[in-house]
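In my numbering, the protein residues as written are 1 to 113.
We put the CB at the ideal spot given by N, CA and C, even for glycine.
In this text, all values refer to a predicted model and were calculated from it rather than measured experimentally.
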Amino acid sequence: MYCLYAFNGELMCFVHVLLNALDMKEKGKEAIIVFEGMAVTLVPELEKADNPFHALYGKAKAAGLIAGACKACSSKLGVLDAVKNAGLPLLDDMSGHPSMAAYMDKGYTILTF
């Protein structure tokens with residue numbers, strides 16, 4: 001089981017998070033994605049139908065691979081409403097941020113990007 005924490009707000013970096021999570025799922029491995037840090041700013045961009053990676057993001061979203069987005073970072077970086085409108089869970093169990101330890105306690109190996 002893998003939890004892919006995306007901190008980097010670079011779209012091309014995040015595309016690899018999506019590709020790897022989808023590849024893992026196709027190969028029978030459990031994987032989830034957490035938007036954290038600057039990566040939360042990618043949500044409104046990926047939600048746009050004209051974004052070249054919208055379909056890839058949609059595929060990961062439809063497959064249930066996106067665990068959610070950091071509530072504190074979404075708020076601080078001005079994308080809280082966009083994250084809510086995208087239907088992504090807001091993760092805030094560690095002082096407003098998603099706790100890696102909580103995922104580790106569930107048996108996930110944490111991978112950071």
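Using only the alpha-carbon positions, how far apart do residue i and residue j sit?
i, j, result
"PRO52", "GLY96", "31 Å"
"ALA49", "ALA55", "8 Å"
"ALA102", "MET94", "9 Å"
Helix, strand or coil for residue i per DSSP?
i, result
"LEU90", "strand"
"VAL40", "helix"
"PHE14", "helix"
"GLY58", "helix"
"ALA82", "helix"
"TYR103", "helix"
"LEU4", "strand"
"LEU65", "coil"
Can you give me the Cβ contacts of residue i inside the same chain, cut-off strictly under 8 Å, excluding the 5 residues immediately before and after it?
i, result
"GLY68", "VAL34, PHE35, LEU88, PRO89, LEU90, LEU91, PRO98"
"LEU19", "LEU56"
Give the single residue among the options whose Cα lies nearest to the Cα of residue i.
i, options, result
"VAL43", "SER75, LYS27, ASN20", "SER75"
"TYR108", "GLU30, GLU45, HIS16, PHE7", "GLU30"
"GLY28", "GLY58, ASP105, LEU65, LEU80", "LEU65"
"LYS84", "ILE32, TYR103, HIS54, THR41", "THR41"
"GLU45", "CYS73, ALA82, GLY37, ALA21", "ALA82"
"MET1", "ASP23, MET94, LYS59, LYS61", "ASP23"
Report all residues from its chain with a CB closer than 7 Å to the CB of residue i; omit the five preceding and five following residues, and keep chain order.
i, result
"ALA39", "ALA6, PHE7, ASN8, GLY9, PHE14"
Since residue i and residue j are thought to touch, with beta carbons under 8 Å apart, how far apart are those beta carbons, to the nearest angstrom?
i, j, result
"LYS106", "ALA63", "Going by Cβ atoms, the distance from LYS106 to ALA63 rounds to 19 Å, so no, they are not a contact pair."
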